[in-house]
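Here is the structure we will look at, set down as structure tokens.
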Ligand SMILES: C[S@@+](CC[C@H](N)C(=O)[O-])C[C@H]1O[C@@H](n2cnc3c(N)ncnc32)[C@H](O)[C@@H]1O
């Protein structure tokens, strides 16, 4: 288990850990909002990151979301590859690569070499086994590491990309600085993520759900632009891809229904799972997405020469 345990004041279970990260703490006087720069120290941030990674490695989350853990699926990954103008001569880095599905697709489709990095050991080992089944295995590699402190030397990649992950990083400025550091001059950066178009995340969607759905630390387009410009990126391009979010919510709802049926037939043990509450949260998320307050975007930019 990645989370620190009760001795450090954090629950072991990643769901509880992420829920807890949003509760007001004694002495702070305010709610702990790590993703919005709330009063959370370095040790707390490490716990929150570890819990977030641990959560994505959970079989239930993979089962509900599938292997491609982002809205828009592999179709949007391919679109991002085109925005980045990937070629066989490129060495690309996928930050927060999950189980390697996107890295494998881009290497296969564009012929580039791809290195994937993620904080969850289980996902990295899944990515390595998936790569070992590919004929293009020699151009793929996966490493354990933190997006806010990448284990690679400066200027070692032509392209850096990340899908549905920057929104989950507590220190976005550090992660974007790291992207700039590992990119060559003139190298390209691309990412897809949830974007807040207006208002705040509704109260009922906060807690662990907002981490699973990548909305916990979502920024506006302008905020992202500012963070990337400060780190030395220009040539900003953006595309809205609203359908993926609704499709993902629909997929999760269908899988929850399947789970309910399987539970009713006593094929799976549903003890401890509150499916009614899960469906209520999904309905609320659906209404929120339909209201247009949140959207999914693909972005690209160039590191200034
Ligand atoms: C929504 S999933 C996206 C996974 C993958 N990019 C995809 O689209 O299939 C978010 C990923 O971020 C990883 N993650 C969270 N915090 C991280 C960090 N600080 N450094 C590296 N990976 C991190 C999680 O382990 C998880 O695999």
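In my numbering, the protein residues as written are 208 to 512. Idealized CB from N, CA, C, for every residue including glycine.
- Between residue 315 and residue 355, the C-beta gap is not smaller than 9 Å, which leaves the two residues out of contact.
- Around the beta carbon of residue 296, fewer than 16 other beta carbons sit within 10 angstroms, so the residue counts as exposed.
- Within its own chain, the residues whose Cβ lies closer than 6 Å to the Cβ of residue 298, once the five positions on either side in sequence are excluded, are 320, 364 and 365, listed in chain order.
- The alpha helix (DSSP H) runs lying completely inside the stretch 401-481 and spanning 4 residues or more are 415-419, 428-437 and 450-471, given in chain order.
- Along the length of the stretch 307-388, whole alpha helix (DSSP H) runs at least 4 residues long occupy 308-317 and 328-339, reported in chain order.
- The beta-carbon distance between residue 275 and residue 308, rounded to whole angstroms, is 5 Å. This is short enough to meet the 8 Å contact definition.
- In the three-state scheme derived from DSSP, where H, G and I count as helix and E and B as strand, residue 492 is classed as helix.
- When DSSP reads this structure, residue 508 sits in a beta bridge with 396.
- When the beta-carbon positions are compared, residue 440 and residue 391 stay at least 9 Å from each other.
- For residue 355, the distance from the CB to the nearest heavy atom of ligand 1 is below 8 Å.
- The beta-bridge partner set that DSSP reports for residue 302 consists of 324 and 369.
- Each of 428, 434 and 379 was checked against the Cα of residue 252, and the nearest Cα belongs to 379.
- Taking C-beta atoms under 8 Å as the contact rule, residue 491 and residue 409 qualify, at a distance of about 7 Å.
- With respect to the 9 Å criterion, residue 350 and residue 306 are not classified as neighbours on the basis of their beta carbons.
- Boundaries of the alpha helix (DSSP H) harbouring residue 288: 280-290, taken from the DSSP string.
- Residue 260 counts as buried, since at least 16 other C-beta atoms from the protein chains shown sit within 10 angstroms of its C-beta.
- Residue pairing by DSSP places residue 268 in no beta bridge whatsoever.
- With distances taken between CA atoms, residue 505 lies nearest to 445 out of 445, 381 and 412.
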